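Please read the structure below before turning to the comments.
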Ligand code: CP
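Residue numbers (the working numbering): 306 to 620.
Have a look at this one:
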């Protein structure tokens with residue numbers, strides 16, 4: 306199949322075939338990062354702008370590395386020192402970046418739907434690097450890519466997502482992506498951190514961490530997002546670690562070869578112990594490395610779609 310979307314806004318909208326196309330494109334790009342000269346000319350002459358309204362280490366750097374490996378020019382906009390501080394709207398900022406003849410905007414924003422709104426107003430490509438609680442598609446794609454590398458398949462795989470599901474765009478994108486590819490997804494957290502209706506997305510819910518880990522082949526551990534907890538509903542940090550933290554003791558009850566994932570940044574001693582984060586079951590840094598190939602794949606596909614017929618708007 307051919308990729309026809311000018312944007313990547315979320316995994317909810319994508320078909321199984323589209324997700325698989327991104328994964329196979331990423332596979333073909335992974336080897337480039339092992340070369341002595343880690344560069345191919347696929348996006349030579351294109352300009353990628355990273356527009357981040359929220360802090361980021363992994364996603365921003367990963368998009369920059371991915372774009373540079375494809376020979377694109379990259380511009381990073383720090384919103385705290387840009388005209389956003391003078392009241393410029395997201396749409397006006399986007400239109401100005403388009404007028405400056407950029408080809409792709411990678412946007413992270415604290416409002417759910419921000420990337421979709423931007424994409425509707427622009428002819429250039431928009432890639433969602435995380436919008437509020439909504440979606441973080443490239444994080445889920447790199448998680449799925451890592452699972453596929455480890456297990457050789459996604460269909461039938463038992464994946465548990467543990468932690469702050471309520472505030473997590475990573476959880477939402479993972480549930481959409483994994484269930485479309487046939488994985489069995491369980492989400493686990495204290496009741497106050499599970500959003501109502503999550504079962505409708507295809508995930509099973511449990512509040513019992515031992516049950517979530519018992520049959521799981523992989524556990525994706527999520528950060529407690531204290532900065533988004535307006536209602537101060539979170540349990541005490543130490544209490545959370547005692548009841549839900551991923552520790553050596555707890556993993557003794559899981560499958561010996563369970564793999565432990567985390568999108569980062571990690572809160573050591575809150576959702577995961579250092580022993581597990583740095584231990585033999587952990588693939589956390591492999592996820593980061595795989596993020597480059599996945600983002601190379603995404604940038605390549607959206608740029609190609611736009612070159613062919615301008616690319617389809619997502620909605
Ligand atoms: N996983 C992730 O989105 O990390 P950053 O916030 O550092 O980009």
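Even glycine gets a Cβ: it sits at the ideal position worked out from N, Cα and C.
In this text the structure is predicted, and so the values were computed from the model without any measurement.
Span separating the alpha-carbon of residue i from that of residue j
i, j, result
"residue 441", "residue 355", "15 Å"
"residue 373", "residue 521", "37 Å"
"residue 526", "residue 559", "14 Å"
"residue 377", "residue 549", "43 Å"
"residue 476", "residue 315", "12 Å"
"residue 571", "residue 443", "18 Å"
"residue 503", "residue 397", "35 Å"
"residue 588", "residue 420", "29 Å"
"residue 418", "residue 565", "30 Å"
"residue 553", "residue 578", "8 Å"
"residue 518", "residue 596", "25 Å"
"residue 331", "residue 603", "8 Å"
"residue 605", "residue 585", "33 Å"
"residue 311", "residue 424", "9 Å"
"residue 389", "residue 488", "41 Å"
"residue 381", "residue 515", "43 Å"
"residue 402", "residue 391", "16 Å"
Residue range of the unbroken alpha helix (DSSP H) whose run includes residue i
i, result
"residue 596", "589-612"
"residue 407", "Note, residue 407: premise wrong, no alpha helix (DSSP H); not H, not E."
"residue 303", "Residue numbering for the chain in the displayed model covers 306 to 620; residue 303 lies beyond these limits and cannot be assessed."
"residue 562", "Unbroken run through residue 562: none, as it is neither H nor E."
"residue 478", "474-485"
"residue 516", "514-519"
"residue 581", "579-582"
"residue 333", "321-335"
"residue 544", "542-549"
"residue 374", "363-374"
Residue nearest to residue i in terms of C-alpha spacing, selected from the options
i, options, result
"residue 530", "501, 545, 419 and 554", "545"
"residue 468", "411, 551, 372 and 431", "551"
"residue 452", "410, 611, 388 and 591", "591"
"residue 358", "394, 466, 344 and 597", "394"
"residue 405", "564, 416, 391 and 428", "428"
"residue 581", "599, 494 and 556", "556"
"residue 508", "466, 547, 514 and 516", "466"
"residue 561", "462, 611, 523 and 339", "523"
Delimiting residues of the beta strand (DSSP E) encompassing residue i
i, result
"residue 430", "430-436"
"residue 378", "378-383"
"residue 558", "From DSSP, residue 558 is part of no beta strand (DSSP E); its letter is neither H nor E."
"residue 422", "No beta strand (DSSP E) contains residue 422, which is instead part of the alpha helix (DSSP H) from 419-426."
"residue 390", "That residue, residue 390, is in no beta strand (DSSP E); it is neither H nor E in DSSP."
"residue 509", "509-511"
"residue 526", "523-526"
"residue 356", "352-357"
"residue 489", "489-493"
"residue 465", "463-467"
Own chain residues within Cβ distance below 7 Å of residue i, not counting five before or after
i, result
"residue 483", "449, 459, 464 and 490"
"residue 496", "512"
"residue 608", "348, 351, 408, 409 and 430"
"residue 363", "569, 593 and 596"
"residue 573", "579 and 582"
Beta-carbon proximity list for residue i, same chain, < 6 Å, skipping 5 on both sides
i, result
"residue 317", "481"
"residue 542", "575"
"residue 411", "355, 368, 432 and 434"
"residue 473", "527"
"residue 352", "378, 407 and 408"
"residue 478", "316, 440, 441, 442 and 445"
"residue 416", "437"
"residue 334", "598, 601 and 602"
Residue i beta carbon near ligand 1 (any heavy atom closer than 7 Å)
i, result
"residue 442", "no"
"residue 611", "no"
"residue 478", "no"
"residue 569", "yes"
"residue 435", "yes"
"residue 621", "What is shown of the chain runs 306 to 620, which leaves residue 621 out entirely."
"residue 364", "yes"
Chain-order list of residues whose beta-carbon lies under 8 Å from that of residue i (same chain, five-residue window excluded)
i, result
"residue 322", "306"
"residue 486", "321, 324, 325, 449, 459 and 460"
"residue 343", "337 and 374"
"residue 471", "438, 494, 497, 498, 499 and 500"
"residue 361", "413, 434 and 435"
"residue 422", "395 and 396"
"residue 383", "357"
Residue i CB to nearest heavy atom of ligand 2 below 7 Å
i, result
"residue 417", "Ligands present in the displayed structure are limited to ligand 1, and ligand 2 is not among them."
Residue-level contact to chain D via CB, residue i, 8 Å cutoff
i, result
"residue 420", "Absent here is chain D; the protein component of the structure consists of one chain."
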